[in-house]
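Chains as they are written, first to last, in this note's numbering: chain B, 1232 to 1448; chain U, 59 to 281.
Ideal Cβ placement from N, Cα and C applies to all residues, glycine included.
Accompanying notes for the structure given below.
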Amino acid sequence: MGSSIQVQNLNLNYSWKQHSKQIFNNLNLRIDPGQFVTVIGGNGSGKSSLIKLILGLVSPGSGIVSVNGHKVRAGYPQSVRQGQIAYLAQRLEDLFFAETVFEELNYKRGHHQSTIDKALDKLDLSRFLHRSIESLSGGERQALALAQYMTSQGSILLLDEPSSYLDQNHANILKAYLAESHEAGHTILHVTQYENEIAWGTHLIDLNKPEPGVESV
Amino acid sequence: MTLHIPELIKTYPGADAFGLNTRELRLSDEGFTCVVGKNGSGKSTFGETLASTEEQNGRGRWYFLPQYLERFLFAENLVDQLHNLLAQEIDTELLKTLLTDMGFANPQDMLDFPFLLLSGGERRRMALVCVLYLQPSQLILDEPDIGVTVKENMVLLSKIDNLQAMNASIILISHNYEFVRHSTNLICLENGRIGHAGKTEDLFSDPDFDLKEYGVRFETNNG
């Protein structure tokens, strides 16, 4: 079920006007199918950038990113469009398109109706159906995003700080969902700021290290 | 001194309208007050509504740092931001001290470093530098620890102590147990109402009080 991800000799730099910031210098990583990898690192260490490189949302200065042996073409996030990768973004502002919760769910519901209704019940969000997205708090938005995400079909799950606004109860639901997905054989890349969440996974990438690798947990 | 929080009422329109309706509170104004509650309990609405009131406790208006920083960090960089807010000369030495305290390795470079190139956690720390520089006399911080490490959270707590020593009132909205246990007062929200409120040590001693009912997280961030 799961897929592999490989990063080879990767360099990434962001620049604007006279300012620049180096994110990765000759990064090499290999994530094997079915691994549940937690990504940690300080602010600015490149956690979100690594996810975006895999998706093709960001272009490296040099080096190659591959998914299942196929080179990721920067600027063309085909892996998401084709349903190979399911991505949960960090920024709450990037998560929703519609005005109300009901409209947002209908936009994405399709044939996943019963699955998403079940996820909404689990996260105690069914009572929010007619609320405007704007009126939801950060935690409610992130919980709603998780409910939608739980209907994803991709063989690779990418999650960028999915629990940062969640309370303990919702964080427990996220943990259980990831455990089930791992059991089902998905490849998981989970960026987090919470040290205790390292134990959820099987492997670790610590971007604080000068030469990060994929280590067993 | 007493921290007076007036009755707060706010309703969002819609068929399943959420309503905030919290009773008036008078709390000790030593230390800081932490507001906790599960997702959807009304914590941010509480903070925003309080910030919009005229209650000044003899100190001036409330200053609110929101969860979403896009509108808060509106300028190109830190010095631009402060020039816009203050229209006066900026004390760059004080700014560099605050930048160092909040974990930025090259404070001189960060003075005009574009917000655009900062990560999510770096933006939150930059917003905290901005707020701490302004030294507001009444301050509400909405989940200031999102994306911020344990070490920087401890620095933030010490800066809150400094502000409080200058007679400021501080309210901190958070799921983070480290903030809860350092607080002097707790306000616990449930479905837009106050479930428990009072001195933190008194609530911790109450056998009927359970922090877990208010969604508090006991894990730590990366250090």
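Span separating the alpha-carbon of residue i from that of residue j
i, j, result
"B/SER1234", "B/GLN1315", "9 Å"
"B/TRP1247", "U/PRO172", "8 Å"
"B/SER1276", "B/SER1251", "14 Å"
"B/PRO1265", "B/HIS1301", "For the sequence presented, residue 1265 of chain B should be read as Gly rather than Pro. Going by the C-alpha atoms only, they are around 17 Å apart."
"B/ASN1274", "B/LEU1243", "16 Å"
"U/ASP219", "B/ILE1236", "46 Å"
"B/GLN1239", "U/ALA226", "52 Å"
"U/TRP120", "B/TYR1318", "38 Å"
"U/GLY273", "U/GLY95", "6 Å"
"U/LEU192", "U/ARG84", "26 Å"
"B/HIS1401", "U/LEU127", "23 Å"
"U/MET224", "U/PRO265", "35 Å"
"U/GLY256", "B/LEU1438", "42 Å"
"B/LEU1323", "U/ARG117", "34 Å"
"U/GLU248", "U/GLY77", "11 Å"
"U/GLY253", "B/GLY1294", "55 Å"
"B/GLY1292", "U/THR258", "52 Å"
"U/LEU144", "B/GLU1446", "49 Å"
"U/LEU197", "U/GLU134", "24 Å"
"U/GLY89", "U/HIS240", "9 Å"
"U/THR298", "B/GLN1253", "Since the first residue shown for chain U is 59 and the last is 281, residue 298 of chain U is missing from the structure and cannot be characterised."
"B/GLN1451", "B/SER1394", "Only positions 1232 to 1448 of chain B appear in the structure, and residue 1451 of chain B is not among them; the question remains open."
"B/PHE1333", "B/PHE1359", "8 Å"
"U/ASP138", "B/SER1345", "50 Å"
"U/ARG129", "U/ASP170", "18 Å"
"B/ASN1427", "B/MET1381", "22 Å"
"B/LEU1409", "U/THR150", "46 Å"
"B/ILE1285", "B/VAL1296", "6 Å"
Cβ-based neighbour list, residue i, same chain, cut-off 8 Å, excluding 5 preceding and 5 following
i, result
"U/ASN280", "Interpretation of U/ASN280 is limited by its pLDDT of 46, a score under 50 that renders its predicted location unreliable; no figure is taken from the coordinates."
"B/VAL1448", "THR1269, ILE1429, ALA1430, GLY1432, THR1433, HIS1434 and LEU1435"
"U/PHE104", "LEU66, LEU78, THR80, VAL93, ILE231, ILE245 and LEU247"
"B/ARG1304", "GLY1287"
Beta-bridge partners of residue i, as assigned by DSSP
i, result
"B/LYS1252", "B/TYR1245"
"U/THR80", "U/LEU66"
"U/LYS96", "Answer by DSSP bridge pairing: none, since U/LYS96 is not bridged."
"B/ALA1317", "B/LEU1388"
"U/ARG275", "U/ASN234"
"U/ASP200", "U/ILE231"
"U/LYS257", "U/ASN243"
"U/SER86", "U/THR60"
"B/THR1269", "B/HIS1421 and B/LEU1435"
"U/ARG251", "U/GLU248"
Burial state of residue i, where buried means 16 or more other Cβ atoms lie within 10 Å
i, result
"B/PHE1328", "exposed"
"B/HIS1450", "This structure cannot settle anything about residue 1450 of chain B, because the visible part of chain B is limited to 1232 through 1448."
"B/GLY1287", "buried"
"U/MET168", "buried"
"U/ASP212", "Going by the sequence as given, residue 212 of chain U is Met instead of Asp. So U/MET212 counts as exposed."
"B/TYR1307", "exposed"
"U/SER216", "exposed"
"U/MET59", "exposed"
"U/THR80", "buried"
"U/ARG183", "buried"
"B/ASN1256", "exposed"
"U/PRO202", "buried"
"U/PHE262", "exposed"
"U/LEU214", "buried"
"U/LEU152", "exposed"
"U/GLU147", "exposed"
"U/ASP268", "exposed"
"B/GLN1249", "exposed"
"U/GLY100", "buried"
"U/SER194", "In the sequence as displayed, the identity of residue 194 of chain U is Pro instead of Ser. Classification of U/PRO194: buried, given that the 10 Å Cβ count is 16 or more."
Cut-off 7 Å between Cβ atoms - residues of its own chain near residue i, not counting five sequence neighbours on either side
i, result
"B/LYS1406", "TRP1431"
"U/ARG275", "HIS233, ASN234 and TYR235"
"B/ASN1299", "SER1234 and SER1235"
"U/ARG181", "LEU127, LEU131 and PHE173"
"U/LEU157", "PRO165, MET168 and VAL187"
"B/LEU1356", "ALA1374, LEU1375 and ALA1378"
"U/ALA73", "Confidence at U/ALA73 is low in this model, with a pLDDT of 44, below 50, so the placement of that residue is unreliable and no value is reported for it."
"B/LEU1326", "ALA1320, ARG1372 and ALA1376"
"B/THR1331", "HIS1361, ARG1362, SER1363 and ILE1364"
"U/HIS141", "ILE148"
"U/ASN115", "LEU61, HIS62, GLN196 and SER227"
Sequence-distant residues of its chain with Cβ nearer than 6 Å to residue i (five each side left out)
i, result
"U/LEU199", "LEU123 and LEU230"
"B/TYR1396", "GLY1369, GLY1370 and GLN1373"
"B/TYR1245", "LYS1252"
"U/GLY205", "GLY178, GLY179 and ARG182"
Interface residues of chain A facing residue i [CB-CB closer than 8 Å]
i, result
"U/LEU61", "No chain A appears in this structure, whose protein chains are B and U."
Q | Meets three-Cβ-pair contact criterion under 8 Å: the region 1412-1422 of chain B and the region 1380-1393 of chain B | A | By the criterion of at least three beta-carbon pairs nearer than 8 Å, the region 1412-1422 of chain B is in contact with the region 1380-1393 of chain B.
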